[in-house]
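So the structure is just underneath, and the comments pick up after that.
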DNA sequence: GTCTATATTCCGATAGAC
DNA sequence: GTCTATCGGAATATAGAC
């Protein structure tokens with residue numbers, strides 16, 4: 480591949496960060512340019528319009544999902560567990576691109592909606608293939624969706640970075656990964672035909 | 480209660496509709512006023528600023544959640560099943576208020592984030608009380624969150640209005656309610672201590 | 001490729017008539 | 001209570017210098 484224009488990636492990173500941390504309203508060309516360390520004119524050289532910027536982010540998501548799906552398919556723990564585990568927000572590049580694109584989709588950016596739907600479709604295909612039960616696969620998908628919904632809602636992204644002992648049992652937002660994976664395993668087991 | 484200014488409610492309805500159908504960016508005072516059939520000046524008489532409008536929607540959500548939680552607590556099918564069932568978008572007033580508020584929360588409206596968190600907290604308390612297992616309760620919450628995430632993503636809200644027979648099994652977005660409730664029932668059963 | 005203007009449109013809010 | 005008119009600021013996009 481070509482040397483890859485560094486400025487383009489920097490602009491995309493900045494756009495992503497502002498979307499994740501401050502929402503769509505704040506992600507103006509001015510703000511993105513400043514955060515990327517270029518002028519507005521410079522930004523508009525790489526992305527001719529705001530729509531082009533949105534398109535750029537969508538393409539980045541498509542690319543990142545491609546490698547994620549490959550990893551998922553080969554995951555030793557199984558695609559379902561892998562999917563649930565990686566749906567818990569950790570601030571990975573993929574996480575951030577997903578949240579940023581979700582923010583755009585909540586606006587009226589059709590292309591963001593399209594790319595997110597296709598992402599879900601690709602995940603689902605791999606999961607349903609491995610659990611052999613469409614109902615369970617859809618439930619697993621929903622659990623992952625729920626984790627992203629919570630990530631997008633909380634904003635500060637602190638789930639388990641603090642090693643505090645007082646994790647309140649009554650806080651629905653504080654999801655424990657091992658606990659959840661246990662539930663998922665039970666779920667899959669309870670639905671797997673015991674014909675062997 | 481006082482006669483309840485009809486115009487205020489109409490404005491709030493319009494704000495909600497635009498948020499749900501076109502997103503936060505489109506929900507300008509101009510657009511809301513036009514959709515509500517009043518002038519911008521008229522709107523600003525009832526809600527002195529955009530922030531006041533946001534606050535008004537948050538208060539509406541708080542009120543509607545209050546009655547929802549009561550209904551949920553008394554539901555014959557049990558709070559968990561009730562919660563999952565009503566998390567599937569049907570276009571009810573509560574559904575619309577939740578989606579609208581979620582749209583605001585994805586922006587940087589702190590009050591919307593706060594009211595949504597408190598909503599989840601209240602739901603969770605009722606659910607955990609009935610299933611007696613915090614892990615299951617959290618998983619159930621996530622399933623509901625996932626349903627709302629999907630509703631917010633699809634935008635056209637068509638899940639089951641069409642009586643088409645060709646519901647593709649490979650479409651993760653097309654959730655069948657009975658199927659999902661079956662999974663939830665299995666889940667609760669698999670985790671309920673059989674000590675009786 | 002990147003910059004500094006500048007044109008244009010639009011949004012939120014205020015003032016004041018009716 | 002509801003309206004019209006308008007100000008000030010911000011956002012997208014363009015033009016053209018370096």
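Protein chains in written order, with this note's numbering: chain A, 480 to 675; chain B, 480 to 675.
No residue lacks a Cβ here, since even glycine has one placed at the ideal position from N, Cα and C.
Note that the coordinates shown come from a computational prediction; the quantities given were computed from them, not determined experimentally.
query, result
"Mind checking which residues open and close the alpha helix (DSSP H) that includes residue 521 of chain A?", "519-525"
"Tell me whether residue 558 of chain B sits in a helix, a strand or coil according to DSSP, three-state version.", "helix"
"Between the stretch 493-511 of chain B and chain A, which residues of the former have CB atoms less than 8 Å from a CB of the latter, in chain order?", "501, 502, 503, 504, 505"
"Could you give the first and the last residue of the continuous alpha helix (DSSP H) run that contains residue 580 of chain B?", "572-585"
"Note down, in chain order, each residue of its chain lying with its Cβ closer than 6 Å to the Cβ of residue 515 of chain A, except the 5 sequence neighbours on either side.", "489, 490, 493"
"Using the C-alpha atoms, what's the distance from residue 583 of chain B back to residue 585 of chain A?", "9 Å"
"DSSP three-state call for residue 547 of chain A: helix, strand or coil?", "helix"
"For residue 669 of chain B, which of helix, strand or coil comes out of DSSP?", "helix"
"When the Cα atoms are used, what is the spatial distance from residue 556 of chain B to residue 666 of chain B?", "15 Å"
"Can you give the beta carbon distance from residue 590 of chain A to residue 533 of chain A, rounded, assuming they're within the 8 Å contact cut?", "6 Å"
"Can you list the residues of chain A that residue 658 of chain B reaches, using a CB-CB cut of under 9 Å?", "613, 614, 617, 618"
"Between the Cα of residue 654 of chain A and the Cα atoms of A/595, A/672, A/630, A/580, which residue gives the shortest distance?", "A/630"
"Anything in chain B within Cβ reach of residue 672 of chain A, meaning under 9 Å, just list it in chain order.", "Correct list: empty, because the minimum Cβ distance to chain B is about 14 Å."
"Using 10 angstroms around the beta-carbon of residue 527 of chain A, count the other beta-carbons present and answer buried if the total reaches 16, otherwise exposed.", "exposed"
"Is the distance from the Cβ of residue 651 of chain B to the Cβ of residue 602 of chain A below 9 Å?", "yes"
"In the DSSP assignment, find the alpha helix (DSSP H) that holds residue 623 of chain B and state where it starts and stops.", "613-633"
"Closer than 7 Å by C-beta to residue 605 of chain A: which residues in its own chain qualify, once you throw out the five before and the five after it? Chain order, please.", "548, 551, 552, 558"
"Hey, residue 573 of chain A and residue 632 of chain B: beta-carbon distance below 9 Å or not?", "no"
"Check for me: the alpha helix (DSSP H) holding residue 595 of chain A runs from which residue to which?", "589-610"
"Counting only C-beta atoms, is residue 603 of chain B closer than 9 Å to chain A at any point?", "yes"
"Compute the distance between the beta-carbons of residue 542 of chain A and residue 517 of chain A, then report whether it is under 9 Å.", "no"
"Under the three-state reduction of DSSP, which class applies to residue 650 of chain B: helix, strand or coil?", "coil"
"What residues in its chain sit with their C-beta under 8 Å from that of residue 664 of chain B, if we drop five residues either side in the sequence?", "560"
"Tell me which residues of the stretch 586-597 of chain B have at least one Cβ-Cβ distance to chain A shorter than 8 Å, keeping chain order.", "586, 587, 592, 595, 596"
"CA-CA distance, residue 568 of chain B and residue 627 of chain B?", "7 Å"
"With H, G and I counted as helix, E and B as strand and the rest as coil, what does DSSP make of residue 512 of chain B?", "helix"
"Work out the CA separation of residue 598 of chain A and residue 525 of chain A for me, nearest whole Å.", "26 Å"
"Would you please verify whether the beta carbon of residue 652 of chain B is less than 9 Å from any beta carbon of chain A?", "yes"
"Return the Cβ separation of residue 625 of chain B and residue 624 of chain A in integer angstroms, given the expectation that the two are a contact with Cβ distance under 8 Å.", "3 Å"
"Ordered along the chain, which non-local residues of its own chain (more than five positions away) have a Cβ less than 7 Å from that of residue 545 of chain B?", "none"
"Output the boundary residues of the alpha helix (DSSP H) element that contains residue 553 of chain B.", "Segment: none, residue 553 of chain B is in no alpha helix (DSSP H) and carries neither H nor E."
"If we call anything under 9 Å between Cβ atoms a contact, is residue 571 of chain B one with residue 505 of chain A?", "no"
"Say whether chain A places a C-beta atom closer than 9 Å to the C-beta of residue 655 of chain B.", "yes"
"I'd like the span of the alpha helix (DSSP H) that includes residue 486 of chain A, first residue to last.", "485-501"
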